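Some notes on the structure that comes next.
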Amino acid sequence: MSAPINTEEPRFAQFKLVLLGESAVGKVLHRFVKDSFDDFRESTIGAAFLTQTILLDHNTTVKFEIWDTAGQERYKSLAPMYYRNANCALVVFDLTKQESLEKAKSWIKELQRQANSDIVIALTGNKLDLVQEDEGAREVSEDEARAYANELGLLYFEVSAKTGQEIKESFKSIAEKLPIEEKVNPRQGRRSRNVDLSRPNTNDQQACGC
Amino acid sequence: MSHMPGLKSATSFSSSSSLARTPSGPMVAAGLIMNKRADVNESLYYICQRLIAKLEKVPGMKAYLNLAFSSAEECSEQQAMLLSQRPASSSSHHNSTSSLDSEISVRSKWDRTMLTFSAGMLPAQINYDPVTPVWRLFQQGVPLCLIFNSLKPEHSIPLVSSDDLKVCKMNVYRFLSCCKQYLDIRDEDLFPITSVFADDTNNLLKVIKVVNSVLDLDPRFTAPEIEETYKVTDARSKVVKELVESERKFVQDLETLLRYRDDVMKRELISSEDLGILFPNLPEIVDFQRRFLVGLECNASVPEKYQRIGSVFLHAGVQGFKIYDPWSLLQTQAIDVIAREAGNLKRSSSLIDASYELQSFLIKPVQRLCKYPLLLQQLLKLTDSSWPNYNELEASLESSKEVAHNVNEAQRKSENVQLVKDLQERVVDWRGHGLLNVGELLFSNTVVVKDLLSDGPSSEKEVHCYMFEKIIYFFKEMAPKNKILSARKKSSASLTSSSGSLNGSQSNLYLNGRVFISNINVITSNDAGSFGGPGRYLTIRWKGTKERGGCVIKFRSEEQLVRWEAALKRLTKDQELDMPKVRNRDNSGSSEGEYLPKFPPVVDSPMGSARSSASSIQDSFKMPHVRQKSEVSLLSYGAPGPYSDEKKNRSVSSPATLVGSLAHHVASVELREQVNIKLTYKNENVHLSVQPHVVFADLLTTFLNKLRLTIGDDLKADDTLKLKYRDEDDDLIQFRSDDDWTVARDMLNQIADEESRILNIVVTV
């Protein structure tokens, strides 16, 4: 990772992201983290909290604190502990299993009811690699899932945890949707949840997207 | 990124973990502490192994070490014996979960069988864990003096070996004072004498730290870091490694948290109450989990076939893991404390970043408990069922599932307490019902309900459905137009409900329907017949004295359906067993004794009768009528289309008592609040509630039935009761007619305090 050239003051924002859905979720997480820069080796399922940093543009760094509930979906009452205060959620389903989409939908409903009202939710279909190999394996059509996501104002991605395809991109899209300005600037971030800044801030208005 | 220096990643398994220790700035460290792999050399098991290697180099230590080894072996044998005498795990957890043991006894149960620093029974290849001998060694006292003497022979402490505890303590004392005097170790860097004799890893580590630093003064006594020798050879060993490594990580995270707690305590910026919420029984937990880890490490050191990993889990068992109860229950409150005290926490310690990472640290115990079943499941799958300890492992999987289940259950129950509180706040119209005598809240879900007695899309609606032990309530949301009310609710709720999972903007509810569990006679799941579209449906039908009906409930998830169905079946079955149920003819009119004593005899929907029409006039101006209009717009929210094309195939044939057919409902269901009554008969009391418009004659019958089913078993069905009620001056007033009843109610209405608005009636025959 090369250091950004400091023409402006670097901006740094941190967000809590919760992973929900089928147990393959864990793999998505590991792919995401492993493929990139933070110190993390081939994961064990025991280590379920990770942080990941991505560079959104030349001077904007977004750090994700990733909360993985993989394998714990059956303990329903514990789920709110995970998604409370989350700024974003990645709800993963399996593109080759229609019923996994239904489960994802019920997570989304729960999130919309119970989580932060401004939570950014990304509906994410996994196993893109399988589907690309054999379109017949696909049980959830992209149109259907995307339409559902659009209707509810969610982001939609199709990724492959196995190959890592589209994963970084989806995290980046999530980062772009997050209220970075609010996080970076303490005055705008007054309603802060678990918000803080650890970097010198700037009020640069146009630097949000890339 | 400039602030993210390139980090060496500890890639291979056997690589020395010291590689992973990269010095880094505070921001990075905060991020890393979470991602960082656990350091083998910080694990108590390895700390002690290395310490023993050092101690062996101290002249004259061998004899003492051997003594300590044999003492540790004895402890292990005794522990194994105690554990083997314990009842089989499967039966033991059943007793344990039901018994409401206090925390102390939970602790002592674990303690009584925990004679070493390693949980479980050791594999046959190992006689003792490496920690217990170290502990036993220090307790002799003399070995500590020996260490000092080998460093400073000119100031030798006279060696007095003895079994006498006093002498041992004296030796420890001498060691400590010589360290101070001749080795310039400051008081605060030493340990109190009691630390040596405490049965606790926190104390033991204090002692070990000092001993290590003393030994390190002399290059003769150094020993290399212990290399982890565990080899991954197959899938199973990979799982074992994962189990042990992730456990190490967990323990080290807990230790970090413990250090953090100590920092925070020292600064005294956080109240002790908040500390108790953030870190309940943390030192205890750390101690528990370290012994657990030592047990796992011991097992990882022997051939797979002989491992007794199951035994480690079974030793702790469902009881042992109860140590986490306060932890998981305070979680929600802890999050609030973090939010409120973020500034002070930051000022107190930089070890863990309060706003970013603390919450992740706090949830780790809960997360870990839920992970054990997954790990054990994997392990069991890869274990040969002919291996000697297979059954033990199998039992441990069950036990770990129960532990995780209990954590979830405890959480659910505590949520339910909050939900009931919220419900109390949110419901603006109980229509004569309430939360008295309804039993515990079991489930609450938002569902779509269709009344089987009415038709059309209008009879399907999204409602908040609460199942108590004795009644199911269906509530509808009110349009949030009532600003005054909701504002009031908000202000009172904002203090408390920030801890709830729901935010403050909850709309008010009104009761839309209810079903007495005792009346339910049909429960079938997945009956999608009367509802369009796929889904998870539960059909229930009920039959009471003056009402019968049915509805289909559509759940959002399979899990909800399964839970509801199971609970309902259990509850209705219990009731059948509980008491012989009198099923009356279906005619309305009298309110006879078919009300089970558990239920407040609520007179319900006596449609068309003089009474109800009288009350409906009186109540017609009340809110529900108005609300009905706005309801249609609410209806479509969240209720997806599939079932809207339903055909009308039924006609309304009987008074609808459930959701749906609201027109009937509003006209017939009483809108006044119920009257709470306490009956005193032969110095015994019984409580019940009735509708205010009940006529005196019915009241008498209700009372008689109630008494006969409860405290007045000597009464006969045709007995005539004589009643007196207590007025505001505590005088007993004759209660013989509808007029008396009106006066009594008026009196009650003047009592402002809802709690004491109870009509006390003394009954004689």
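Protein chains in written order, with UniProt numbering: chain A, 1 to 210; chain B, 1 to 765.
Every residue gets a Cβ at the ideal spot worked out from N, C-alpha and C, and that includes glycine.
It should be emphasised that the depicted structure is a prediction, and the values quoted were computed from it without experimental measurement.
Quick check on Leu190/B: does DSSP put it in helix, strand or coil?
Here Leu190/B sits in coil by DSSP.
Within the 8 Å Cβ cut-off, does Tyr260/B reach chain A?
It does not: the Cβ of Tyr260/B has no partner Cβ on chain A nearer than 8 Å.
Spell out the partners DSSP gives Phe555/B in its beta bridges.
Looking at the DSSP assignment, Phe555/B forms a beta bridge with Arg536/B.
Beta-carbon proximity check, Gly310/B vs Leu243/B, cutoff 8 Å
Judged by beta-carbon spacing, Leu243/B lies beyond the 8 Å limit of Gly310/B, meaning their Cβ atoms are not closer than that value.
In chain A, which residues lie less than 7 Å from Gln331/B when you measure between Cβ atoms?
The contacting residues are Met81.
Residues of chain A with CB under 7 Å from residue 804/B, in chain order?
In this structure chain B extends from 1 to 765, so residue 804/B is not present and cannot be described.
Within 8 Å of any Cβ in chain B, is that where the Cβ of Arg146/A sits?
Chain B, which has no Cβ nearer than 8 Å to the Cβ of Arg146/A, makes this no.
If we count the other Cβ atoms within 10 Å of its Cβ and call it buried at 16 or more, is Ser84/B buried or exposed?
Burial call: exposed.
Give me, in chain order, the residues of the same chain whose beta-carbon lies closer than 7 Å to that of Asp727/B; leave out the 5 immediate sequence neighbours on both sides.
The beta carbon of Asp727/B sits closer than 7 Å to those of Ile733 and Met747, all from its chain and outside the five residues before and after it, given in chain order.
Residues that Val366/B contacts on chain A, provided the C-beta gap is smaller than 8 Å
Simply Leu78 and Met81.
Just checking: is the beta-carbon of residue 212/A within a distance shorter than 8 Å of some beta-carbon in chain B?
Outside the displayed range of chain A (1 to 210) lies residue 212/A, so it cannot be described from this structure.
By the DSSP assignment, the beta strand (DSSP E) with His464/B in it spans what residues?
Residues Glu460 to Phe468.
So what does DSSP say about Lys54/B, is it helix, strand or coil?
Residue state, collapsed to three classes: helix.
Against chain A, does Leu509/B count as a neighbour if the rule is that its beta carbon must be under 8 Å from one of theirs?
Not closer than 8 Å to any Cβ of chain A, the Cβ of Leu509/B fails to qualify, so no.
Residues in the segment 367-379 of chain B having any Cβ partner in chain A nearer than 8 Å:
Listed by position along the chain: Gln367, Arg368, Cys370, Lys371, Leu374 and Leu375.
For Lys109/A and chain B, any beta-carbon pair shorter than 8 Å?
For Lys109/A, the nearest CB of chain B lies under 8 Å from its own CB, placing it at the interface with that chain.
Which same chain residues, not among the five before or five after Asn445/B, have their C-beta less than 6 Å away from its C-beta?
Take Asn445/B, set aside five residues on each side of it, and the residues of its chain with a beta-carbon closer than 6 Å to its own are Cys465 and Gln560, in chain order.
Run the proximity test for Glu547/B: is its beta-carbon closer than 7 Å to any non-hydrogen atom belonging to the ligand PLP?
This structure does not include the ligand PLP; it has no bound ligands of any sort.
Determine, for Ile352/B, whether the minimum Cβ-Cβ distance to residues of chain A falls below 8 Å.
No, no contact with chain A.
What distance in whole Å lies between the Cβ atoms of Leu44/B and Arg308/B, which are believed to be in contact at a cut-off of 8 Å?
The C-beta distance from Arg308/B to Leu44/B rounds to 19 Å, too long to meet the 8 Å contact threshold.
Could you check the C-alpha separation between Gly295/B and Ala316/B for me, to the nearest Å?
Roughly 11 Å between the two C-alpha positions.
For Gln14/A, decide whether its Cβ has a neighbour in chain B, counting only Cβ atoms nearer than 8 Å.
Under the 8 Å criterion on CB atoms, Gln14/A is classed as interfacial with respect to chain B.
Taking only beta-carbon atoms, is Glu65/A less than 8 Å away from chain B?
Taking a beta-carbon distance threshold of 8 Å, Glu65/A counts as an interface residue toward chain B.
What would DSSP say about Phe157/A, mapped onto helix, strand or coil?
Note: Phe157/A maps to strand in three-state DSSP.
Counting only beta-carbon atoms, is Ala124/B nearer than 8 Å to chain A?
Put simply, the CB of Ala124/B is far from chain A, with every gap to its CB atoms at 8 Å or more.
Residues bridged to Val62/A [DSSP beta-bridge criterion]
Its beta-bridge partners are Ala13/A and Ile54/A.
How long is the line joining the alpha carbons of Val214/B and Leu115/B, rounded to whole angstroms?
Their Cα atoms are separated by approximately 28 Å.
Glu477/B (DSSP reduced to helix, strand or coil):
Strand at Glu477/B.
Please report whether the beta-carbon of Asn41/B lies at a distance below 8 Å from any beta-carbon of chain A.
Asn41/B has a beta carbon lying at 8 Å or more from every beta carbon in chain A.
Between the Cα of Asp163/B and those of Gly141/B, Ser156/B, His155/B and Lys381/B, spot the shortest distance and give me the residue it belongs to.
Ranking the options by Cα distance to Asp163/B, first place goes to Gly141/B.
Determine whether the beta carbon atoms of Ala147/A and Leu111/A lie at a separation below 8 Å.
Here Ala147/A is not near Leu111/A, since their CB atoms are 8 Å or more apart.
Quickly, what does DSSP pair Gly439/B with across the bridge? List them, please.
Per DSSP, Gly439/B has no beta-bridge partner at all.
Residues of chain A with CB closer than 7 Å to the CB of Ala404/B, please, in chain order.
Those within 7 Å of Ala404/B in chain A are Tyr75.
Can you pull the chain A residues whose beta carbon is under 7 Å from the beta carbon of Lys208/B, in chain order?
For the sequence presented, residue 208/B should be read as Ile rather than Lys. Chain-order list of chain A residues neighbouring Ile208/B: empty, with the shortest C-beta distance near 26 Å, by a criterion of under 7 Å.
Delimiting residues of the beta strand (DSSP E) encompassing Ile523/B
Residue range Ile520 to Ser525 is occupied by the beta strand (DSSP E) that includes Ile523/B.
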